[in-house]
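Novice: Numbering (our numbering), first residue to last: -14 to 936.
We treat Cβ as the ideally placed atom computed from N, Cα and C, and that holds for glycine.
(1) May I ask you to verify whether the region 606 to 614 touches the region 628 to 639, counting CB pairs closer than 8 Å and requiring at least 3?
(2) So the alpha helix (DSSP H) residue 668 belongs to, where does it begin and stop?
(3) Distance, Cα to Cα, residue 720 vs residue 683?
(4) Do you know how far the Cα of residue 514 is from the Cα of residue 599?
(5) Let me confirm a value: residue 830 is counted as buried when at least 16 other C-beta atoms fall within 10 Å, else exposed. Which label applies?
(6) Return helix, strand or coil for residue 563, following the three-state DSSP convention.
(7) Return helix, strand or coil for residue 842, following the three-state DSSP convention.
(8) Grab me the residues of residue -14's own chain with a C-beta within less than 8 Å of its C-beta, minus the 5 sequence neighbours each way, in chain order.
(9) What number of angstroms, rounded off, separates the C-alpha of residue 212 from the C-alpha of residue 193?
(10) Would residue 294 be called buried (16 or more neighbouring beta carbons within 10 Å of its own) or exposed?
(11) Can you tell me which residues form a DSSP beta bridge with residue -3?
(12) Can you give, in chain order, each stretch of the beta strand (DSSP E) that sits fully within the region 327 to 394 and has at least 3 residues?
(13) Report back the beta-carbon spacing between residue 580 and residue 602 to the nearest angstrom; my notes put them in contact at under 8 Å.
(14) From the DSSP output, read off the bridge partner residues of residue 6.
(15) Can you have a look at residue 80 and say buried or exposed, based on whether 16 or more other CB atoms are within 10 angstroms of its CB?
(16) Which two residues bound the contiguous alpha helix (DSSP H) that contains residue 745?
(17) Since residue 710 and residue 732 are thought to touch, with beta carbons under 8 Å apart, how far apart are those beta carbons, to the nearest angstrom?
(18) Would the beta-carbon of residue 855 fall within 8 Å of that of residue 874?
(19) Taking Cβ positions, are residue 700 and residue 926 nearer each other than 8 Å?
(20) Using DSSP with H/G/I as helix, E/B as strand and the rest coil, what is residue 1003?
(21) Tell me the residue span of the beta strand (DSSP E) that contains residue 544.
(22) Pick from 858, 24, 337, 589: whose alpha carbon is nearest that of residue 315?
(23) Just curious, the beta strand (DSSP E) that residue 114 is in, first and last residue?
(24) Mind reading off the beta-carbon distance from residue 885 to residue 871? Whole number of angstroms is fine, and I expect it under 8 Å.
(25) Could you name each continuous beta strand (DSSP E) segment of 3 residues or more that falls completely within the region 54 to 110, going from the start of the chain to the end?
(26) Taking the CB atoms as reference points, tell me whether residue 366 and residue 268 lie closer together than 8 Å.
(27) Using the rule of at least 16 other Cβ atoms within 10 Å of the residue's Cβ for burial, across every protein chain shown, is residue 177 buried or exposed?
(28) In whole angstroms, what is the alpha-carbon distance linking residue 726 and residue 756?
(29) Please report the residue range of the beta strand (DSSP E) in which residue 884 lies.
(30) What do you get for residue 759, buried or exposed, if any count of 16 or more other CB atoms within 10 angstroms of its CB means buried?
(31) So, are the CB atoms of residue 191 and residue 145 less than 8 Å apart?
(32) Which partner residues does residue 701 have in the DSSP bridge list?
(33) For the beta strand (DSSP E) that residue 538 lies in, which residues bound it at each end?
(34) Taking the C-alpha atoms as reference points, what is the distance between residue -5 and residue 82?
(35) For the beta strand (DSSP E) holding residue 269, just list the boundary residues, first then last.
In structure tokens:
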């Protein structure tokens, strides 16, 4: 949208920059602006402005007040718009509604065609929004208000003359009755009223109008009517009134607007602006697309009713039945349109092109609104389009009519939550949604925020005042019966969606069914290619076609999503069409591809991890080849949620592929701190662990439960982990899973360390170190060695600890695992601080930070390292640096959803602020940190309790 300034005086005095209204101040300041605007770029002197505002009675400081007003206006409008010049001011107004009004009237008077002229005058009068210069004080404004009002009346009389010439007398009778009542002494309006009445076959009323006028003029002015009015009276008496053009049929075919239209304000305003600008540009076409049930017809009719008065020559409507088995043929629609304008059937050409040309000729130079509802495609619409600028068209279709060359495109998706709730409240009553707000939110969510579904559910509730909203929520929650519940009278969500499905070619229909099978909120092109068994370009083409038909949504480039209700219908169709074995096979194929890609991710993200890759389940798919760590991070960020959904989905099968599902999670354990999906991943791990236990697969159970325990420990729930680990260890031992046993021993050491038992932790980590070395997992061994170094420091063996930490750092470097080296440096920093060497600790942490930044790593480890860097800086007396490091740590861990880490970071930040003398801010940090630790159930919360109390 352009930032051009535009001004309005045909109503309240207002200024706009683009879509934003500007504050032009109090009434006196608006009075100054009015004078400058009406000077049309010419100089207004200070004396002229003072006279305009106060005439003969200016206040003592009038000039000073004037300078204040102009200074404020300049600040709002810009110095290039309002300039000082030779004893006064000049305002450059690029767009003024009064100028547009005058230009359109002048263009109308130049036009040779009466229809074109009438349309221009109609557009000009539409610019008026009430009394001109409304609310502006001063004698100048009063005089200009009278002048402008007279201009409007003159334009109105001119438009009425044109309408009479065009044979529109019948529709003018009511308007003229109102106008003559308001302006009883305007003989021009009286003459038009008499002419409209006479031509409408109401000669007696026309003569009475003259008699009333004559009586009023004599009574009020002591004068007779003028010659023109007397001549018209004579012609009416003698039947010699000149004929006008024949009265043209004016179709008004719009179905009724809905009384509870809700939301879509931005879309309505934008489309309305396009339609009301008709005549100033080539013929305007607004194309409205959206899924079945999105409210396209409701939107189009609401929009049409808002602008119908701008199209006095007719409003046409047709349902093209584009998604039905028998779409309307263009020749039949054109015949109906022409008949609506009074064209006899015998004049209709048989040839479609000739019939379309006749339609264009019939509506040429008229202002007609055409609503083409429910079009199948652009081809069905093209012959039905008028050809001149005064006409506009609104087309609705489930397909995105990209080849229609529309002036404006509107795609209707699901309603925003607030609008969906508003619609529900309008249907069932606001008191009911207010009484059950949570249930109302659940209801519109289960309706997918789709207007049709919300309307059906609302209608059922409105018909059953004894029902609670929660009752309908319970009924909708069962996906198997949701479609049955979303049915009321002749409205049904399933039927609406099926109408679109039935138009699909077999390949597209199969794609829709299979793509609906995964639980994922969105799918990548690669995932689709696996599900459909086609190459990625072919899969993308199929998905794009479904997007164009509003059966899929494009979430982001390369990612696609289903509306929930479309997915429910597509799954129902899949269950009725595809054999169960094929449905499970495509999900297995997707899981297989995910695991193959995870192997690729491990190779680039964790160098030296060949042992881990080699101990994951075999895959048939090559997976996606990830070039480097950045590609690995991007892939995991995009696919993590979909991957977890697939894992949870197969865990619920009678015969779940638990080995693949468990190994997907097990393979990602070294990247778990890359994002904040901890609770979702833990839930998936527990679901897979339970499924593995159900089918007796101890290998998969041990791996899945081990991952779950790792995530519990990361969230600070060490007591829960300690209670569960013995059972997990037993399962891994029974399965002979040596690598998992190594991970379990390492996790057991972390739990012991967190519980304040460094000697036990050191022993467990020594055990894990041996296990990793025996398994040939160098990276696992290096990470465990770094952990053991921390335990040795906890036992006061600082030299041994530093030696172990440096050895871990060297091993990671030898394997090319820079992120692991950063973790080892982090550990060395902790050891140095415990040894009483804060500057050395800070150096280690800074070296760790440099590696993290170079690697683009922003995981949990970096967040924890930053608050430990802050601790070292604080010990070294550098409170300002400590506050900066702790604040960055807090932000990062907050984004990752790590409550335990964030709580500790806030504790350190509070200490840094306290050291800097800001006690109040410190207490705020301690309170927030205590709350975070308490939410996570961390025993560390007790350490901040007293500080959080402000004592």
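Specialist: In terms of the structure at hand:
(1) At 8 Å Cβ cutoff, the stretches do not touch.
(2) Here the question's residue 668 lines up with position 683 in the chain shown. Unbroken alpha helix (DSSP H) run through residue 668: 663 to 680.
(3) As a working note, residue 720 is residue 735 in the chain shown. As a working note, residue 683 is residue 698 in the chain shown. Distance from the CA atom of residue 720 to the CA atom of residue 683, rounded to whole angstroms, is 6 Å.
(4) By one-based count along the chain shown, residue 599 stands at place 614. By one-based count along the chain shown, residue 514 stands at place 529. Between the alpha carbons of residue 599 and residue 514 lies a distance of about 26 Å.
(5) Here residue 830 corresponds to residue number 845 of the chain shown, with the count starting at 1. With 16 or more other Cβ atoms within 10 Å, it is buried.
(6) Here the question's residue 563 lines up with position 578 in the chain shown. Here residue 563 sits in coil by DSSP.
(7) Within the chain shown, the letter at position 857 stands for residue 842. Three-state result, residue 842: coil.
(8) By one-based count along the chain shown, residue -14 stands at place 1. In this prediction, residue -14 has a pLDDT of 40, which is less than 50 and means its spatial position is unreliable; nothing more can be read from the coordinates.
(9) In the chain shown, residue 212 corresponds to position 227, counting from 1. In the chain shown, residue 193 corresponds to position 208, counting from 1. Roughly 18 Å separates the two Cα atoms.
(10) Residue 294 sits at position 309 when you count from the first residue of the chain shown. Exposed, because fewer than 16 other Cβ atoms sit within 10 Å of the Cβ of residue 294.
(11) Walking along the chain shown from the start, residue -3 turns up at place 12. DSSP output for residue -3 lists 119 as bridge partner(s).
(12) 354 to 360, 377 to 382
(13) Position 595 of the chain shown, counted from the start, is the residue given in the question as residue 580. Position 617 of the chain shown, counted from the start, is the residue given in the question as residue 602. 6 Å between Cβ atoms; contact.
(14) Taking the chain shown and counting its residues from 1, the one referred to as residue 6 is at position 21. Its beta-bridge partners are 1.
(15) As a position in the chain shown, residue 80 is number 95, starting the count at 1. With fewer than 16 other Cβ atoms from the protein chains shown falling within 10 Å of its own Cβ, residue 80 counts as exposed.
(16) Mapped onto the chain shown, residue 745 falls at position 760. Its alpha helix (DSSP H) spans residues 743 to 760.
(17) Sequence index remark: in the chain shown, residue 710 carries index 725 (1-based). Sequence index remark: in the chain shown, residue 732 carries index 747 (1-based). Confirmed, about 7 Å.
(18) For this step, residue 855 is matched to residue 870 along the chain shown. For this step, residue 874 is matched to residue 889 along the chain shown. Contact flag set, yes.
(19) In the chain shown, the residue the question calls residue 700 occupies position 715. In the chain shown, the residue the question calls residue 926 occupies position 941. For residue 700 and residue 926, no; Cβs fall outside 8 Å.
(20) The structure shown does not extend to residue 1003, since the chain spans only -14 to 936, so no value can be given for it.
(21) Counting from 1 along the chain shown, the entry for residue 544 is found at position 559. 544 to 546 is the extent of the beta strand (DSSP E) around residue 544.
(22) For the purposes of this step, residue 315 is identified with residue 330 of the chain shown, where counting begins at 1. Ranking the options by Cα distance to residue 315, first place goes to 337.
(23) Taking the first residue of the chain shown as 1, we reach residue 114 at position 129. Taken as a continuous stretch (DSSP letters only), residue 114 belongs to no beta strand (DSSP E), as it is neither H nor E.
(24) Within the chain shown, numbered from 1, the residue matching residue 885 stands at position 900. Within the chain shown, numbered from 1, the residue matching residue 871 stands at position 886. Not confirmed; about 15 Å, so no contact.
(25) 67 to 70, 73 to 76
(26) Counted from its first residue, the chain shown places residue 366 at position 381. Counted from its first residue, the chain shown places residue 268 at position 283. No.
(27) If you number the chain shown from 1, residue 177 lands on position 192. Buried, because 16 or more other Cβ atoms sit within 10 Å of the Cβ of residue 177.
(28) As a first step, residue 726 must be located in the chain shown, where it is residue number 741. As a first step, residue 756 must be located in the chain shown, where it is residue number 771. Going from the Cα of residue 726 to the Cα of residue 756 covers about 8 Å.
(29) Taking the chain shown and counting its residues from 1, one reaches residue 884 at position 899. Counting along the chain, residue 884 falls outside any beta strand (DSSP E), though it belongs to the alpha helix (DSSP H) covering 884 to 900.
(30) Within the chain shown, numbered from 1, the residue matching residue 759 stands at position 774. Result: exposed.
(31) Along the chain shown, one-based indexing puts residue 191 at 206. Along the chain shown, one-based indexing puts residue 145 at 160. The answer is no: Cβ separation not under 8 Å.
(32) For the purposes of this step, residue 701 is taken as the residue at position 716 of the chain shown. Answer is none; residue 701 lacks a bridge partner.
(33) If you number the chain shown from 1, residue 538 lands on position 553. First-last of the beta strand (DSSP E) with residue 538: 538 to 541.
(34) Within the chain shown, the letter at position 10 stands for residue -5. Within the chain shown, the letter at position 97 stands for residue 82. So the two alpha carbons sit approximately 7 Å from each other.
(35) For the purposes of this step, residue 269 is identified with residue 284 of the chain shown, where counting begins at 1. 269 to 275 is the span of the beta strand (DSSP E), which, as asked, contains residue 269.
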